[in-house]
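J.:
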Amino acid sequence: MKRVRFTEEQIISVLKEHEACAKTADLARKHGVSEATLYNWKSKYSGMDVSEARRLTGC
Numbered sequence: 001m002k003r004v005r006f007t008e009e010q011i012i013s014v015l016k017e018h019e020a021c022a023k024t025a026d027l028a029r030k031h032g033v034s035e036a037t038l039y040n041w042k043s044k045y046s047g048m049d050v051s052e053a054r055r056l057t058g059c
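Take the sequence shown: its letter number 29 is residue 29 in our numbering, and every next letter is one higher.
(1) Here's a check: name, in chain order, each residue in its chain whose Cβ is nearer than 8 Å to the Cβ of Val50, leaving out the five neighbours to either side.
(2) Is the beta carbon of Thr24 sitting closer than 8 Å to the one on Leu38?
(3) Suppose the cutoff is 7 Å on Cβ atoms and the five residues either side in sequence are ignored; what does the same chain contact list for Tyr45 look like?
(4) Could you have a look at Ser34 and say whether DSSP puts it in helix, strand or coil?
(5) Using three-state DSSP, classify Thr24 as helix, strand or coil.
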């Protein structure tokens with residue numbers, strides 16, 4: 001099965017939903033990722049906007 005890669009914009013929009021008091025389990029199910037993935041994204045991209053995330057990844 002093909003693996004889906006999320007862009008920085010998509011990751012940050014998911015994290016903004018999480019900051020708006022969405023439950024982690026519901027959010028993970030909605031976007032088709034695990035709760036662990038959400039927490040990893042949060043530790044890596046928390047508090048960033050899209051331009052900062054792009055600078056982090058070098059794109």
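For each residue, glycine too, the CB sits at the ideal point set by N, CA and C. This one's a predicted model, so the numbers in the text were calculated from it and none came from an experiment.
T.: According to the data block:
(1) Position 50 of the sequence shown, counted from the start, is the residue given in the question as residue 50. Here the set comprises Glu8, Glu9, Ile12.
(2) For the purposes of this step, residue 24 is taken as residue 24 along the sequence shown, with counting starting at 1. For the purposes of this step, residue 38 is taken as residue 38 along the sequence shown, with counting starting at 1. Contact: yes.
(3) Counted from its first residue, the sequence shown places residue 45 at position 45. Ile11, Ile12, Leu15, Ala53.
(4) One-based indexing of the sequence shown puts residue 34 at position 34. In this structure, Ser34 counts as coil in the three-state DSSP scheme.
(5) The residue you call residue 24 lines up with position 24 of the sequence shown. Thr24: helix per DSSP, three-state reduction.
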